[in-house]
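In this text, residue positions in the sequence shown follow the working numbering: the first is 21, and each later residue adds one.
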Amino acid sequence: MSPTTTAVDTAVHLAQLYKTYPNGPEVVTALAGVSLDIPPGSFTAVMGPSGSGKSTFLNCASGLDTPTSGRVVLGGTDLTALAPDDVTRFRRRHVGFVFQAYNLVGHLTVAENIGLPLLLDARRPDPVWQDALVAAVGLTGLEQRLPSELSGGQAQRVAIARALVARPTVVFADEPTGALDRRTGDQVLDVLRTTAKSLGQTLVVVTHDPHVAAAADRVLFLADGRLAGEMVAPTTAQIAARLVELGS
Ligand SMILES: Nc1ncnc2c1ncn2[C@@H]1O[C@H](COP(=O)(O)OP(=O)(O)O)[C@@H](O)[C@H]1O
Ligand SMILES: [Mg+2]
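1. Between Ile58 and Thr222, is the Cβ-Cβ spacing less than 8 Å?
2. Tell me whether Ser75, by its Cβ, gets closer than 7 Å to a heavy atom of ligand 2.
3. Evaluate Asp106 with the Cβ neighbour count: other Cβ atoms within 10 Å of its Cβ, from every protein chain shown; 16 or more gives buried, anything less gives exposed.
4. Near Gln120, what residues of its chain come up, given a Cβ to Cβ distance below 7 Å and the 5 sequence neighbours on each side ignored?
5. Please name the residue, chosen from Val115, Gly68 and Tyr38, that lies closest to Ala351 on a Cα-to-Cα basis.
6. Suppose contacts are defined by Cβ-Cβ distances below 8 Å. Is Phe117 in contact with Ser82 by that definition?
7. I'd like to confirm something about Tyr41: is its beta-carbon nearer than 7 Å to some heavy atom of ligand 1, or not?
8. Measuring only the C-alpha atoms, how far is Pro6 from Phe77?
9. Could you tell me how far apart the beta carbons of Asp244 and Ala101 are, in whole angstroms, since I believe they sit closer than 8 Å?
10. Which of the three DSSP states, helix, strand or coil, is assigned to Phe119?
11. Can you list, in chain order, the residues of its chain with a C-beta nearer than 6 Å to that of Val226? Leave out the 5 residues immediately preceding and following it.
12. Would you mind listing the beta strand (DSSP E) stretches within the region 149 to 194 that are 3+ residues and don't spill past its ends, in chain order?
13. Excluding the 5 residues flanking Pro69 on each side, which residues of the same chain have their C-beta closer than 8 Å to its C-beta?
14. In three-state DSSP terms, what is Leu139?
15. Check Gly205 in the structure and name its three-state DSSP category.
16. Examine ligand 1 and report whether any of its heavy atoms sits within less than 7 Å of the Cβ of Gly68.
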């Protein structure tokens, strides 16, 4: 196998990922050698204390940010070997992202926000597919609203539909339920999980909430920029106990 390819049964392959930030004369190490393989179609939760590197991990693994060293291979494509423009193009086609703060465009309607990734990639809109997606996330009838006319839960559903509209291989979400109450958060997570699953997409979600993580196939724990353990299909109670052990 050449160094630029990996086994096709890996959706996300990370090898010795490091990310440092300059901080005056000092250097902050946000990621300190993370290596990991995530199988296609799986749901992975990432947990860890504030400042442990979760957002940096997600940003580097998704191609939003560039690691200081190490390799990021998504669906067999080595992002760390691509020029920045090619990373952007790859990301638009193959990666979906959901943020805690929704990040919708305020002057665009729900339908326009959802169609934005296709527009940015100069791809033809697919109204039948977009309508099906709007229905899947429970937004039928709200297509012409502006983001300011939506509840938090509705706004996050728009962000989820927008993340899925380009049929990405991998969907990354950084605390997608963090700004929502428990019940709304549960509903939004359920929409994200079932829609991603029905489309065969790989889902990686950063969360503080053991209850959210318990829906995952695998839970990874980060501490000080390193993988500090993992659990396969754990219960909420098992996750909560592990977080206590890890001191977060
Ligand atoms: N742009 C940045 N510049 C400097 N330091 C940063 C930057 N982003 C993150 N960090 C630092 O990297 C570490 C990890 O941050 P982050 O990935 O945001 O953690 P988490 O999402 O787990 O709270 C923290 O110490 C944070 O202060
Ligand atoms: Mg974070």
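Built from N, CA and C at the ideal position, the CB exists for glycine as well.
The short version:
1. Contact flag set, yes.
2. Under cutoff, so the answer is yes.
3. It is exposed - the Cβ of Asp106 has fewer than 16 other Cβ atoms within 10 Å.
4. Only Asp194, Glu195, Pro196, Gly198 and Ala199 meet the Cβ criterion.
5. Look at the range of the chain in this structure, 21 to 268, and you will see that residue 351 is not part of it.
6. Between Phe117 and Ser82, the CB-CB gap stays under 8 Å.
7. Residue side-chain check: Tyr41 places its Cβ nearer than 7 Å to a non-hydrogen atom of ligand 1.
8. Look at the range of the chain in this structure, 21 to 268, and you will see that residue 6 is not part of it.
9. A Cβ-Cβ distance of about 28 Å is found for the pair Asp244 and Ala101, leaving them out of contact under the 8 Å criterion.
10. Here Phe119 carries a coil assignment [DSSP, helix/strand/coil].
11. Excluding residues within five positions, the ones whose Cβ falls inside 6 Å are Val66, Lys74, Leu78, Asp194 and Glu195.
12. Inside the region 149 to 194, DSSP marks whole beta strand (DSSP E) runs of 3 or more residues at positions 190 to 194, from first to last along the chain.
13. Taken in chain order, the residues that qualify are Ala243, Leu266, Gly267 and Ser268.
14. Note: Leu139 maps to helix in three-state DSSP.
15. Helix, per DSSP.
16. At least one heavy atom of ligand 1 is nearer than 7 Å to the Cβ of Gly68, so yes.
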